Amino acid sequence: MRIILLGVPGAGKGTQAAIISQRLGIPALSTGNILRAAIAAETPLGLQVKDILARGDLVSDDVILPLIKERAEEPDCAPGYILDGVPRTLAQAEGLDALGFGIDACLFFDVPDEAVISRLSGRRTCRGCDKAFHVTGNPPKTADVCDYCDSELYTRPDDELETVQKRLRVFREQTAPLIDYYTERGKLKVVPSGGPVDQVTALVFEALGIS
Ligand code: AP5
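Residue numbers (this note's numbering): 23 to 233.
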């Protein structure tokens with residue numbers, strides 16, 4: 023199964039990607055995680071994109087498409103994959119089609135902006151494995167320590183309120199057209215995502231027709 027997760031920043035794409043990945047046994051490919059790993063390792067790619075992520079802008083399509091193509095060619099992707107945060111522009115969606123990605127479903131996580139702002143202001147992200155927690159909604163067992171890999175949790179620089187508002191604008195201008203793109207191709211499934219994590223997970227599997 024090849025699934026796209028689409029939604030505003032903080033909609034819960036990464037959280038649900040980890041759950042779907044575990045349940046279906048297919049990897050979650052997150053361009054955000056790939057870019058943050060490159061920034062942490064100070065690779066040439068990381069140095070190139072660091073300020074772009076901090077500002078809340080999108081990295082260019084010419085950078086993203088080869089990155090995701092290379093990752094999707096790895097052997098663990100043979101049975102399928104979950105694309106978390108890609109595509110994010112019409113050019114990326116067309117690029118994936120041209121590369122033969124053959125998407126089965128695009129899940130659109132529909133959530134009000136107010137919920138997103140409170141989710142992101144309390145998010146703590148793992149420096150080791152990029153898993154997301156929330157100080158009140160989904161706290162780690164030990165404060166500031168990842169439940170999965172024991173690494174330190176930190177606040178992403180792009181989770182500051184002003185940058186979150188910019189990312190929401192960028193979504194509306196550059197990513198929202200993908201809702202029509204996948205609707206027209208009969209692939210879009212809307213997942214109301216304002217409720218708790220477990221409720222959203224149930225709606226995800228219902229949308230995928232998996233009980
Ligand atoms: P990326 O890392 O993809 O960030 P994003 O899309 O902005 O999404 P987030 O990671 O902020 O949120 P999420 O929807 O995954 O929510 P999460 O599950 O963490 O991209 C970052 C940057 O990289 C971009 O701004 C851009 O610069 C660049 N980039 C990446 N991909 C690109 C591309 N394809 N093209 C160009 N540039 C690209 O949840 C958020 C919080 O809410 C957590 O604290 C979580 O615990 C909590 N939570 C989750 N679900 C619930 C729930 N149901 N109820 C309560 N709390 C919840």
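Every residue gets a Cβ at the ideal spot worked out from N, C-alpha and C, and that includes glycine. Being a predicted model, the structure only gives us computed values, none of them experimental.
Residue i, DSSP secondary structure in three states
| i | result |
| --- | --- |
| Pro-218 | coil |
| Cys-99 | helix |
| Ser-173 | coil |
| Val-30 | coil |
Residue i Cβ short of 7 Å to ligand 1 heavy atom set
| i | result |
| --- | --- |
| Phe-227 | no |
| Ala-15 | There is no way to answer for residue 15, as the model of the chain reaches only from 23 to 233. |
| Asp-169 | no |
| Pro-31 | yes |
| Arg-191 | no |
| Ile-86 | yes |
Residue of the options minimising C-alpha distance to residue i
| i | options | result |
| --- | --- | --- |
| Asp-106 | Glu-116, Asp-202, Cys-128, Pro-134 | Cys-128 |
| Arg-145 | Glu-182, Asp-126, Ser-173 | Glu-182 |
| Gly-208 | Asp-169, Asp-126, Cys-151 | Asp-126 |
8 Å Cβ cutoff met for residue i and residue j
| i | j | result |
| --- | --- | --- |
| Gly-36 | Ala-154 | yes |
| Ala-39 | Leu-27 | yes |
| Asp-83 | Gln-114 | yes |
| Val-71 | Ala-60 | yes |
| Pro-31 | Val-157 | no |
| Val-81 | Ile-74 | yes |
Residue-level contact to chain D via CB, residue i, 8 Å cutoff
| i | result |
| --- | --- |
| Gln-114 | You won't find chain D in this structure, because it holds only one protein chain. |
Check your understanding: Does the pairing of the region 211–231 with the region 105–116 give three or more beta-carbon distances under 8 Å?
Key -> For the pair of segments examined, the region 211–231 was found not to touch the region 105–116: the number of CB pairs separated by less than 8 Å stays below three.
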